[in-house]
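Before any comments, here is the structure.
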Amino acid sequence: MEVRYASHPNEVKQFDTERLRQEFLINSLFVPGQLQLVYTHVDRFIVGGVIPTKEPVKLEADAKDMGTEYFLERREIGIINIGPAGVVTVDGVRYEMQTKDCLYIGLGSKEVLFESVDEANPARFYLNSTPAHKQYPTVKSALEEASPNHLGSITNSNERTIYRFIHQNGVQSCQLVMGMTLLKPGNMWNTMPCHTHNRRSEVYLYFDMPEDGVVFHLMGEPDETRHVVMRNEQAVISPSWSIHSGVGTSNYTFIWGMAGENQTFEDMDAVAMQDIK
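So for the sequence shown, full-length UniProt numbering puts the first residue at 1; every next one is plus one.
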């Protein structure tokens, strides 16, 4: 498991492109047959990906970095399948996962296994995990069961639908909030006008992008913005002090996960367009 440390905004102002990517970009999460994990000290988020092939892949703790016997001993996790059909087995109970299905697993579940229905067309499971203090039940939620919110317009190139899976009025959790935003064809902008939320950090996974497509993910303090060039199935860590917005060369989909002081989706500090630099 790779470990990342938190960075102060005054320090980030001095980063060149390569250093910015080293600190915040998660370049490779999906490797056939392997569990890939990144542990960031930003709200102690763990971000991961797994492509099961011939054999099931087990969710395992890194004893050195996590200090636990099993992964969910003191954690909760949200899982979204961004690939073909798969199965997640939680302590012997199987959950069939179609494309864009979400599964929440609570504190204390001991064995989690990932499988693909067809090894020739394997599932691609994306993971967000945060510390937990209370046990909530394991719940699967399909995309059509999530809470949709239609925003933006084609005039502003940001017509999109936000689907909330794990949140206060949906699947219950301790602190993890997780959902997915789908941009409609012809739309390229997300989360603009932008905002910060100093009480919560966030992680984005961009996917459903063409091979030659990119997203310019905007980050940094509102008056000291930077960008990270993102390609398909790459993730980026967004500290609480940073904006998190993006514009692509075509429409795309992204998964957002949040952790921190509260679970209030609307708790954000708006940034006026004239204040962005």
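Ideal placement from N, C-alpha and C gives every residue a C-beta, glycine not left out.
Can you tell me which of the three DSSP states residue i falls into?
i    : result
A259 : strand
L37  : strand
R44  : coil
N188 : Per the sequence shown, the amino acid found at residue 188 is Met instead of Asn. In the structure shown, M188 sits in coil (DSSP, three-state: anything other than H, G, I, E or B).
T17  : helix
I154 : helix
K64  : helix
L72  : helix
D269 : strand
Q274 : helix
Q22  : helix
Y136 : coil
E211 : coil
M1   : coil
Just how far apart, CA to CA, sit residue i and residue j?
i           : j    : result
I237        : P32  : 23 Å
H150        : L205 : 20 Å
E11         : R44  : 20 Å
P56         : R75  : 22 Å
V117        : A85  : 6 Å
N121        : M258 : 30 Å
residue 318 : W256 : Absent from the model: residue 318. The displayed extent of the chain is 1 to 277, so no value can be given.
E60         : V90  : 13 Å
H167        : V93  : 23 Å
I77         : G186 : 33 Å
L218        : K13  : 13 Å
M1          : Y39  : 7 Å
D101        : K184 : 19 Å
residue 280 : K58  : No information on residue 280 is available, as it lies outside the stretch 1 to 277 that the chain covers here.
Y252        : V228 : 16 Å
D62         : L35  : 12 Å
T99         : F254 : 14 Å
L20         : S28  : 16 Å
Would you mind giving the Cβ-Cβ distance between residue i and residue j, rounded to the nearest angstrom? I have them listed as a contact below 8 Å.
i    : j    : result
V88  : I79  : 6 Å
V247 : M230 : Actually they are not in contact, since the Cβ atoms of V247 and M230 sit about 11 Å apart, beyond 8 Å.
E111 : K54  : Their Cβ separation, rounded to whole angstroms, is 19 Å, which puts E111 and K54 out of contact at 8 Å.
S147 : R124 : So it is not a contact: roughly 24 Å between Cβ atoms.
E261 : R200 : 6 Å
S7   : E23  : 6 Å
Following the continuous beta strand (DSSP E) through residue i, name the residue where it begins and the one where it ends.
i    : result
E202 : R200 to F207
F114 : V112 to S116
Y163 : R160 to I166
Would you give the residue range spanned by the alpha helix (DSSP H) that residue i belongs to?
i    : result
L143 : Premise fails: L143 is in no alpha helix (DSSP H) and is neither H nor E.
V12  : P9 to V12
Inset, instruction - Would you check if there are 3 or more beta carbon pairs closer than 8 Å linking the region 122-138 to the region 167-181? - result: yes
Inset, instruction - Would you check if the region 48-55 and the region 218-232 touch, i.e. whether three or more CB-CB distances between them fall below 8 Å? - result: no
Inset, instruction - Count the C-beta pairs between the region 137-150 and the region 187-204 that are closer than 8 Å, then say yes if the count reaches three, no if not. - result: no
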